[in-house]
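Heads up, the thing below is written out as structure tokens.
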Amino acid sequence: LTDIAGAEDHYGDMDFKVTGTRTGITALQMDIKVTGINSQILADALQQAKDGRLYILEKMETAIPAPRVEINKFAPRILTIQIPVDKIREVIGPGGKVIRGLVEKTGCKIDVEDTGRINIASSNLEKAEACKRLIEEITAVPEVNKTYLGTVQRIADFGAFVEIMPGTDGLLHVSEIADYRVQNVRDELTEGQQLLVKVINVDPSGKIRLSRKAVLREERGESGEDERQTDADRDGGGDRPPRDDRGPRPPRPGGDRDRRPPRGPRR
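Heads up: the sequence shown begins at 1158 in the working numbering, then just goes up one per residue.
Laid out in structure tokens, this is it:
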């Protein structure tokens, strides 16, 4: 871009701004204080603007031959993500608690639109990306057969509730805690404990069922068939022969019931 100085603008009759590349003009603006100019003045102005533009471009290319692939990490920037509309309330939280916590933690400015579009503004790329990851975790949907690092939030007689994502927890039933029969959940788990759990079911209402037993078996390299066989052995049915190997049933004492004499008339 070439432009005149302030003094030239004050005392001169024409203000002519020209911007462009080596191959041509991309935009121009002209302000004049007189009634008009002839074509020669316009041609001279365009030629002077070209000479100045090429000189500036040469200096720019000497300093940086091509645009940077990534802008400076301290340059202000905006990251944008799209979330489902029904997840907006989870990002904002009750009374704005969640979004205020994100702002305090990352220092980013967060703008949530009604369409689910979220703009994250920050002068620090790392903080902006951290804020984006936190929002993605809040709005993520649990996937069946996927393993998560969860935190035990509450323990009950029938199992424990484990948080696998911010604000999202599932039930780890007592039968899914270990490979053996668990008598007391508190003997195996404590509140605040972190453990790997696998999502084994998400019902239509959104309730999540978790399994620690499945993770332990996968770590040992056992397949689903091994799991079913182990359960059968534990129930005492692993060595039970099939019913066909028992042989024919012996006859009942007393012979056939249909051969009994008929009863007399009922009085």
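Where is the CB? At the ideal position from N, CA and C, for every residue including glycine. Model, not experiment: these values are computed from the prediction.
- Task: Compute the Euclidean distance between the alpha carbons of F1231 and G1378, then round it to the nearest angstrom.
- Result: 47 angstroms
- Item | Inter-stretch contact at 8 angstroms, needing at least 3 Cβ pairs: the segment 1357 to 1377 / the segment 1327 to 1338 | yes
- Would you report the Cα separation of N1229 and R1311, rounded to the nearest angstrom? 45 angstroms
- Task: Could you tell me which residues DSSP puts in a beta bridge with S1115?
- Result: Outside the modelled stretch of the chain, which goes from 1158 to 1424, sits residue 1115, for which no answer is possible.
- Query: S1279 lies in the beta strand (DSSP E); which residues open and close that run?
  - Reply: 1274 to 1279
- Going by CA-CA distance only, name the one from M1171, A1206, G1177 that's closest to T1192. Closest option to T1192, Cα to Cα, is M1171.
- Message: Quick check on the DSSP output: the beta strand (DSSP E) that includes A1162 runs from which residue to which?
- Response: Segment: none, A1162 is in no beta strand (DSSP E) and carries neither H nor E.
- Item | Residues near N1341 in its chain [Cβ-Cβ closer than 6 angstroms; skip 5 each side] | none
- Below 8 angstroms on the Cβ atoms is my guess for E1426 versus G1307; work out the distance and round it to an integer in Å. Because the chain in this structure spans residues 1158 to 1424, residue 1426 falls outside the shown range and cannot be described.
- Give me whichever residues DSSP pairs with K1266 in a beta bridge. A1278
- Cβ contact check for the segment 1245 to 1258 and the segment 1297 to 1306: 3 or more pairs under 8 angstroms: no
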